[in-house]
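Working notes, beginning with the structure itself.
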Amino acid sequence: MPLLSHLILNLNVCRIMTAMAVVLLGSSNSPLWWTAAIPWFFFNLPGLLLFTFPAFALFLSSPGILPVDWMHGPFPLILAIGLPTAISMILSYCWRPLFRKTGALSQFDYPGA
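Just so you know, this note's numbering puts 304 at position 96 of the sequence shown, and the rest follows in order with no gaps.
What follows is the structure, encoded as structure tokens:
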């Protein structure tokens, strides 16, 4: 079992923890949801840049808004938080070999990041 300090330094664990906090606080209509959303935004910036911003641009550029009766309750919140988090986690596994191969960021030691 990994040490607690290794889990805290693991970016993917931080991504999951902040995503869970945003979903829990947002679905319970807590006024403090934004306190978890700020770190979530920075941890998941790659996923946001690759999914959310292009999706919103595509959605806003469509000529007419189609009704989405099937999308209600907490599902849009989970979709908006879960997909960028998953994309960021997948990207971290993809660029880790590239960083090791090139030696970029080799002065930092982030276990499992």
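Idealized CB from N, CA, C, for every residue including glycine.
Note that this is a predicted model, so its numbers are computed, not measured.
Using the C-alpha atoms, what's the distance from residue j back to residue i?
i       : j       : result
Phe-267 : Ser-236 : 27 Å
Ser-296 : Pro-239 : 26 Å
Gly-255 : Leu-233 : 21 Å
Ala-263 : Gly-290 : 14 Å
Thr-260 : Ile-298 : 15 Å
Tyr-301 : Thr-226 : 19 Å
Leu-285 : Met-228 : 11 Å
Trp-242 : Trp-248 : 9 Å
Trp-303 : Lys-309 : 10 Å
Leu-257 : Ala-265 : 11 Å
Leu-287 : Pro-271 : 23 Å
Do residue j and residue i count as a contact pair if the criterion is CB distance below 8 Å?
i       : j       : result
Ala-244 : Val-230 : yes
Leu-219 : Phe-250 : no
Thr-293 : Ile-246 : no
Which stretch, first to last residue, makes up the alpha helix (DSSP H) that contains residue i?
i       : result
Leu-257 : Here Leu-257 belongs to no alpha helix (DSSP H), and DSSP marks it neither H nor E.
Ser-270 : From DSSP, Ser-270 is part of no alpha helix (DSSP H); its letter is neither H nor E.
Ser-235 : 219-235
Short of 6 Å in beta carbon distance, which residues of its chain neighbour residue i, apart from the five on each side in sequence? Order them along the chain.
i       : result
Pro-282 : Ser-235
Taking 8 Å as the limit between beta carbons, can you name the residues of its chain near residue i, skipping five residues before and five after?
i       : result
Leu-253 : Ser-296
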